[in-house]
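A.B. asks: Take this structure first; my questions come after.
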Amino acid sequence: MNKVLSFMAALSLVIFLTGCSTRPKTELIPKAYIQPEIDSLRLKLSLTSHSPQGKVEKVSGTLWAVPEQRYRLEISGTMGMSVASVLWDKEFWLFNFNTMEKHQKGIGDLLMVPDSPLPPLSIHKVLAPCWGEWIESESSSIKFAKHYGETWIEQINYPEEQIMMKFGKPELLDSLVIPSYLEYYHQKQKLLTITVKEVKRDLSWSPSVWRLRPVGKALN
């Protein structure tokens, strides 16, 4: 495989149907707020892809997460139609492109799809900011800003991957401080915007959440 596609770029392949929802009212962040420990979450997301040609497409997503252990993402378009499904754990990952009846499988932190010049990016780096965390690397640089009299992350760069993430003003949603939006850039080109619509913490789910079968033929 000469070229690989990061998790964000894989999302952009399937974001072609509009999905939207109303975000609940956020709360004021108390001074000296301490983020609670997180065992498991379910998040409702709005995902917007941005093409180099200026095309903007939106879908909605539901993410089940046990941070750094396993993730399941369902991406839906109009009328709740399933556009794509992603399952990642420490043993393997599977990305189903449901509308294309194609899939891609692999191992490791990186979701790889052929025929893109973009570098791979850790799924943890992409998803962790959705619940108010971020992952540093040896070469990463971080920019902070003051909000509510406290210091919050505003931007993080991963030079080794030519990836930059920008974070909107922090908000308190279901007892978690999260950015009002997250933007992902590659070589200064905005690829993806994520807005968290809803957060539910410390949940237990049916084992079927962590089961996903390949759809159709494998991508070459």
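Numbering follows numbering that gives the first Met the number 0, in which position 52 of the sequence shown is assigned residue number 51; successive positions increment by one, without gaps.
Even for Gly, the Cβ is constructed at its ideal location relative to N, Cα and C.
1. Counting beta carbon pairs with one atom in the stretch 148-167 and one in the stretch 178-188, are three or more of them shorter than 8 angstroms?
2. Would you decide whether Thr194 is buried or exposed? Buried here means 16 or more other CB atoms lie within 10 Å of its CB.
3. Please name the residue, chosen from Ser59, Gly148, His49 and Ala127, that lies closest to Ile155 on a Cα-to-Cα basis.
4. Is it the case that the Cβ atoms of Leu42 and Glu170 are separated by a distance below 8 angstroms?
5. Is it the case that the CB of Lys104 approaches a heavy atom of the ligand HEM more closely than 7 angstroms?
6. In or out: Arg212 buried (at least 16 other Cβ within 10 Å) or exposed?
7. Where do the ends of the beta strand (DSSP E) carrying Lys104 lie?
8. Roughly how many angstroms lie between the CA atoms of Ser203 and Pro158, to the nearest whole one?
9. Between Glu73 and Ser59, what straight-line distance do the alpha-carbon atoms span, to the nearest angstrom?
10. Please list the terminal residues of the continuous alpha helix (DSSP H) segment that includes Val214.
11. Between Ser81 and the rest of its own chain, which residues show a CB-CB distance below 7 angstroms, the 5 nearest in sequence each way excluded?
12. Kindly indicate if chain D contains any beta-carbon less than 8 angstroms away from that of Met99.
13. Is DSSP giving Lys54 helix, strand or coil here?
14. Could you work out which residue in Ser139, His123 and Lys168 is closest to Lys145 when comparing CA atoms only?
15. Any idea what DSSP makes of Pro206, helix, strand or coil?
16. Could you tell me how far apart the beta carbons of Lys101 and Lys216 are, in whole angstroms, since I believe they sit closer than 8 angstroms?
C.D. replies: According to the data block:
1. yes
2. As a working mapping, residue 194 is identified with position 195 in the sequence shown. Buried, since its Cβ has 16 or more Cβ neighbours within 10 Å.
3. What you label residue 155 is simply residue 156 of the sequence shown in a count that begins at 1. Considering only alpha carbons, the answer is Ala127.
4. If you number the sequence shown from 1, residue 42 lands on position 43. If you number the sequence shown from 1, residue 170 lands on position 171. Not a contact, by the Cβ cut-off of 8 angstroms.
5. The model depicted lacks the ligand HEM and carries no ligand whatsoever.
6. Working through the sequence shown from its first residue, we reach residue 212 at position 213. So Arg212 counts as exposed.
7. Mapped onto the sequence shown, residue 104 falls at position 105. Start and end: Lys101 to Gly105.
8. For the purposes of this step, residue 203 is taken as residue 204 along the sequence shown, with counting starting at 1. For the purposes of this step, residue 158 is taken as residue 159 along the sequence shown, with counting starting at 1. The straight-line gap from Cα to Cα measures roughly 37 angstroms.
9. Position 74 of the sequence shown, counted from the start, is the residue given in the question as residue 73. Position 60 of the sequence shown, counted from the start, is the residue given in the question as residue 59. Taking the straight line from one Cα to the other gives about 8 angstroms.
10. In the sequence shown, residue 214 corresponds to position 215, counting from 1. Neither: Val214 is in no alpha helix (DSSP H) and is coded neither H nor E.
11. The count along the sequence shown starts at 1 and reaches residue 81 at position 82. Hits under 7 angstroms: Glu73, Ser75 and Asn97.
12. No chain D appears in the structure shown, which is made up of a single protein chain.
13. Here residue 54 refers to the residue found at position 55 when the sequence shown is read from its first residue. If DSSP states are grouped into helix, strand and coil, Lys54 belongs with coil.
14. In the sequence shown, residue 145 corresponds to position 146, counting from 1. The shortest C-alpha separation from Lys145 is found at Lys168.
15. As a first step, residue 206 must be located in the sequence shown, where it is residue number 207. Of the three classes helix, strand and coil, the one that applies to Pro206 here is helix, per DSSP.
16. If you number the sequence shown from 1, residue 101 lands on position 102. If you number the sequence shown from 1, residue 216 lands on position 217. Contact holds; Cβ gap of about 6 angstroms.
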